[in-house]
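First the structure, in the form of structure tokens, and then the observations on it.
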Amino acid sequence: MAKQYLFIFSFLIFLVSTTHATIIVVNAEDFKFEPSNFTIQVGDTVKWIWDDSGADHTTTSLSVPAGAATWDSPLNASSPSFSYIVTQPGIYDYKCTPHEDMNRTGTFTAVGEPTTIESIDETVTLQVQTIGYDIRITYSLQEPALVNISILDVAGRLVESLPTVIQIAGNYSRTYNASDLSKGIYIIQLQAENIILTKKISLE
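Numbering (the numbering used here), first residue to last: 629 to 832.
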């Protein structure tokens, strides 16, 4: 019975740890956002993806909750995606600026607070160091995973993405030269399959 309770507890912790930072993908296609209306947890990420070989689009905030950052990003061949970390509960309305008159708008509702519970048996770990202009990102995987590393500003806007790689279990270190970045606070986000870890850094 004790083993059964331990399994249930571990499973619940696993569910919390792997779902507290979810990426919701919104496709910008056929002059509409898909999905156009959804609910998301505070702390999750909305990622818009350009899925149209013809027209250029944008994702541009219309109204956001108090304390949340606004955004305005192109979605086209040279800038095919944009990520935004949700920091405040409430309703977020946005549009595609070139096609607003065609009712190309979207809405999402953020609820709750980000969880701070961590998995007892972590399958991914992350450490970040700044050495001069270099950001050294060290991480370990307990199992093979598709790994994506992004650099975000404090508002959750995507600044830079490192090449996505498929890696087996092991320890890894990757370095990004940040000499082109302005001074300030940034967020290093590592996604390995459905697990997302973040670390804040300061560039001075």
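Cβ coordinates follow ideal geometry from the N, Cα and C atoms, glycine included. Just so you know, these numbers come straight off a predicted model, no measurement behind them.
- At least 8 Å separates the beta-carbon of S701 from that of T725.
- Bridge pairing for A656: F661, W678 [DSSP].
- Contact annotation: P717 and A694 have beta-carbon atoms that are not nearer than 8 Å.
- When secondary structure is reduced to three states using DSSP, D729 falls in the helix class.
- Just so you know, the alpha carbons of A683 and N704 end up roughly 8 Å apart.
- Between I765 and I816, the beta carbon gap of about 6 Å places them in contact (Cβ cut-off 8 Å).
- At a Cβ-Cβ threshold of 8 Å, L786 and L780 count as neighbours.
- A797 counts as exposed, since fewer than 16 other C-beta atoms from the protein chains shown sit within 10 angstroms of its C-beta.
- Leaving aside the five residues that flank Y761 on each side, the residues in its chain whose CB is nearer than 7 Å to its CB run, in chain order, N805, A806, S807.
- The secondary-structure analysis by DSSP pairs V775 across a beta bridge with V793, A820.
- Per DSSP, the beta bridge partners of L754 are Y767.
- Restricting attention to A697, T733, R732, Y814, the CA atom closest to the CA of I763 is found in Y814.
- Taking the Cβ atoms as the reference, V752 lies roughly 30 Å from A656, outside the contact range of under 8 Å.
- Distance from the Cα of F710 is smallest, within the candidate group T733, G740, T688, Y720, for T688.
- Under the criterion of beta carbons closer than 8 Å, E662 and V670 do not qualify as touching, at roughly 23 Å.
- Boundaries of the beta strand (DSSP E) harbouring D721: 718-723, taken from the DSSP string.
- Excluding its 5 nearest sequence neighbours in each direction, S706 has no C-beta neighbour in its own chain below 7 Å.
- The Cβ-Cβ distance between G812 and Y712 does not fall below 8 Å.
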